[in-house]
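Quick note on numbering: the sequence shown equals residues -19 to -1, 1 to 833 in mature numbering (1 follows the signal peptide of the UniProt record, and there is no 0).
Input: a single structure, listed below in structure tokens.
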Amino acid sequence: MRGRKHLFVIFAFPLLVFANVTTSISKVKFTPADNYLINCGSPDTTLVDDGRTFKSDPQSASYLSTDQTVLASVKSLQEKVTSFSSAPLLYHTARIFESESMYRFLVFQPGRHWVRLYFYPLSHPDYNLTSAMFTVTSDSIVLLHDFSVKDTSKVVFKEYLININSSQFTLKFSPLRKSFAFINAIEFVSAPDDLIPDSAAAVSPVGDFNGLSQFAFEVSYRLNIGGPIVTPKNDTLWRTWLPDDQYMAFPEGAQNVSVPLKTIIYPDGGATPLIAPRSVYATADRMADAGVPNSNFKLTWEMDVDPNFSYLIRMHFCDIVSKGLNELYFNVYVNEIVGVSSLDLSTLTSDLATPYYKDFVLNATAITNGSIIVQVGPSSNVQSILPNAILNGLEVMKISNMAGSLDGLFSSGGPHAGVMPRSRGMRIAAAFGLILMVTTLILLVMGIVRWRRKPSKGWQKQKTFSSWLPLNASYCSFMSSKSKTSCSTIISSGLNLGRVFTFNEIKNATKNFDEKAVIGVGGFGKVYLGESEDGTKLAIKRGNPSSSQGINEFQTEIELLSKLRHRHLVSLIGYCDEQSEMILVYEYMSNGPLRDHIYGSDLPTLTWKQRLEICIGSARGLHYLHTGSTQGIIHRDIKTTNILLDEDFVAKMADFGLSKTGPSLEQTHVSTAVKGSFGYLDPEYFRRQQLTEKSDVYSFGVVLFEVLCARPALDPALPREQVNLAEWAMQQHRKGCLEKIIDPHLAGTISPEALRKYVEAAEKCLAEYGVDRPTMGDVLWNLEYALQLESASPQSGLKVENESEKENSKPSSSEQPGTNSKGNKEAQLIDINDDSGVVLGSPLFLESFQGR
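Here it is in structure tokens:
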């Protein structure tokens, strides 16, 4: 192996180690809930050597949606078998698509799924597959963009890991104009939910990276260090682990070491056979000259990557070289940055030959030369009996960017707004010194603003009744069917949560959760249209009983909606927590989400004035959220599916499952994992994981353009420069061509003055840095002014103040929308007056019909 020595190690472990060997050698079985295997273009089923069976074209026809007769290239690889005999059977046939086509798969168990795609440009009498160029997307994730396979000497295999929270998965093939697409085989298979945890160690800057469940991954490298290839036949999840020879930077300094598979004993917690098979942990590379204490001596692996993306790096360790405990201490480096100092596997696993793994996230800004370099070397801090370092396995996975892409960026003039290029990063670094100079002033101003929001003494007295009461899951029956205790009484004693429904009442209202009554599916679960005993329609949101992913959302919505009352925010009717269920009840809102009324449905289109009023209502609700309590509340998931319309088209903000309490007086932001929806996500929040009220302002700016242009915030099917609505609209506005992308239904119906004011408000919301964005109060004022301008247009014959007069008459900070002339909030929590537009106990419906 390129100059490396090989060492087969056999050493004596205590006899107790082998007590459970008989139960640990066999391959652990994993049965995926969703298991779709398709050999595209094949007329017959295909049995591969790992025992799995791939369906034929006729058997998989029900999954495919296409506008054409799809051509199948069958058995056209036979003439190449002699020169390409290593190709598995899955590359012998293919499907060819001349127009956009898609596979749709039902998802029976939401969560992590493998998506594996096989490509080889077969010979075909009518199509030159090496000239094919196409894009592959999966719902909101771009897997391949302008993809082609030019080299006929090797196959192309793409592997992805995607977290799916819907009941259906779509895989779309979109050929470029005058081109076509092809695919040889497809795998869509469930993966263990705990395969990738939600957090990892960030390398640069050092700290914790949270929120990995929000991202998709592409496997860039999976290496069996010091050992041979591990094929799907010998892997618990049908993965392939390649030898590391070609990535070892200094093979002469490495020595292969291996032990029998039965030597490897998995711990009770941590690494399992599903994380990596024994064949990975039973081989390793160690220092060829063990005992050299020089800390500059490092085993080094170097892999080329796309520097525009961040990466998840998983390292697998198993001490198969030591004779006893606490003999091995070594450092781990990622791109020459210390990831772990003096790693002590004995302390972590309490035994030898026990698997352990460690996850790191490497930010794109730390990739300086287009490579990821992983190193292990002896520790200089702890003296080992025999200085050494080992590595058993290595996985490198690309992390999707904020646009939801795993292949490239989405702007012809530069990266997507959420992906910070190097030049921009340098500008930010240069401006950092200036920011430090004004930090004191900013903190002073924020202190004054927070002080002005401080409640009166009278309000402080009432706060005892309606203060936050965290729902401790350990006290509730949400997660354990064994628990007989409900927390309903405990919760209700501190908060006015509305009616506590029994589970039987919920079943009766939904006709035993009739699937025909499902009106929406989200990450939390399904939404049913129900009916109470008196005939009142209800929207009933039921958490997925088999998943714990919705507890935080369930808890947050109950806490928030129990203390918030406003005309433009949804209100909670009640809940049910019997029999391990998590169910929230809202009154049905007849006109559903805003998005359905501007595009994507056959509903009558909204007029411009209706859209303006809806935007104003939404802004009022958000302004109340931000200012209606001492710290304020940040929604964190503003989008057109979370703005719902009642029978009179009054807008109400919905879905508070991701909401967070704002920063305290002593803080400028809330440090939290990045959550939200791609296309609406504040790029500054995405980069820094620092949440502020201005993050909501950015998302609302995207909504304003979405309402004006009647198209999705992200549309991967469009040309590259048009994919991101915020970028595209801003670009067209700068060119003076905005009217070209406005919803055609609005043509000739908008007054130029109102349009200018509206677009000005939207553009300010989308400022790159939060400090440059307006408050929601300012946005609301501008939208109300735009409506006044529209009402005073020649069609209405009304008079409006000119803009200078309007600016001069703009209310002071104590008279901004949401306050009265005395500076007191006009819509405080619970304690509110009639002028606030709040309707106590108003029947409202919460839940977007399209899930996150």
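Here a beta-carbon is modelled for each residue, glycine too, at the ideal position from N, C-alpha and C.
- Minimum Cα-Cα distance from D120 among the listed residues R259, M229, A384 and L157 corresponds to A384.
- A distance below 7 Å separates the beta carbons of I380 and S291.
- Counting only the Cα atoms, T151 lies some 5 Å from R85.
- With a cutoff of 7 Å on beta-carbon distance, I353 and V261 are scored as not near each other.
- Across the structure, D174 and K243 are spaced so that their CA atoms are roughly 27 Å apart.
- For P156, the enclosing beta strand (DSSP E) starts and ends at Q149 to P156.
- For F128 and T116, the gap between their C-alpha atoms comes out near 6 Å.
- Here L770 carries a helix assignment [DSSP, helix/strand/coil].
- Inclusion of F686 and A710 in the CB contact set at 7 Å is warranted, their separation being smaller than that value.
- Ranked by how close their Cα comes to the Cα of G751, the residues S676, P733, Q712 and A767 have S676 in first place.
- DSSP places L565 within a strand segment (E or B) once states are collapsed to three.
- Counting along the chain, no alpha helix (DSSP H) covers E140; the unbroken beta strand (DSSP E) around it starts and ends at V137 to I145.
- Counting along the chain, no alpha helix (DSSP H) covers V187, and no H or E run does either.
- Using a 10 angstroms sphere on the CB of A698, the tally of other CB atoms stays under 16, which defines it as exposed.
- Within the same chain, Cβ atoms closer than 8 Å to the Cβ of L71 are found at N20, T27, V29, F35, Y99, N165 and A166, the five residues on either side in sequence being excluded.
- Inter-residue distance for F190 and L343 is about 10 Å (C-alpha atoms, whole angstroms).
- Restricting attention to S43, R97, Y141 and K159, the CA atom closest to the CA of E81 is found in K159.
- Contiguous alpha helix (DSSP H) elements confined to the region 615 to 703 occur at 664 to 669 and 674 to 690, taking only those with 4 or more residues.
- Put simply, the backbone Cα of N144 is about 29 Å away from that of P39.
- By a beta-carbon distance limit of 8 Å, R97 does not contact A172. Their separation comes to about 11 Å.
- Our two residues, R76 and N16, have alpha carbons roughly 20 Å apart in a direct line.
- For E199, the enclosing beta strand (DSSP E) stretches over residues F198 to N205.
- If you look at H94, you'll find it in the beta strand (DSSP E) that goes G92 to F100.
- The DSSP-derived three-state label of M757 is helix.
- Where G501 is concerned, there is no enclosing alpha helix (DSSP H), although the beta strand (DSSP E) around it starts and stops at V499 to V502.
- Beta-bridge pairing by DSSP links L372 to D266.
- According to DSSP, residue pairing for R33 in a beta bridge does not occur.
- Non-local C-beta neighbours of G643 in its own chain, meaning closer than 8 Å and more than five positions away in sequence, comprise H607, Q612, G613, I614, I615, V651, T673 and E674, ordered along the chain.
- When secondary structure is reduced to three states using DSSP, H549 falls in the coil class, being assigned neither helix nor strand.
- Listed in chain order, the non-local C-beta contacts of V321 below 6 Å within the same chain comprise V313, local neighbours out to five positions each way being set aside.
- Per DSSP, reduced to three states, the secondary structure at R576 is helical.
- Per DSSP, the beta bridge partners of F78 are A162.
- One Cα belongs to I245, the other to I371, and the distance between them is close to 16 Å.
- By the Cβ rule, the region 299 to 318 counts as touching the region 329 to 342, because three or more pairs are nearer than 8 Å.
- Between T264 and Q356, the C-beta spacing is not below 7 Å.
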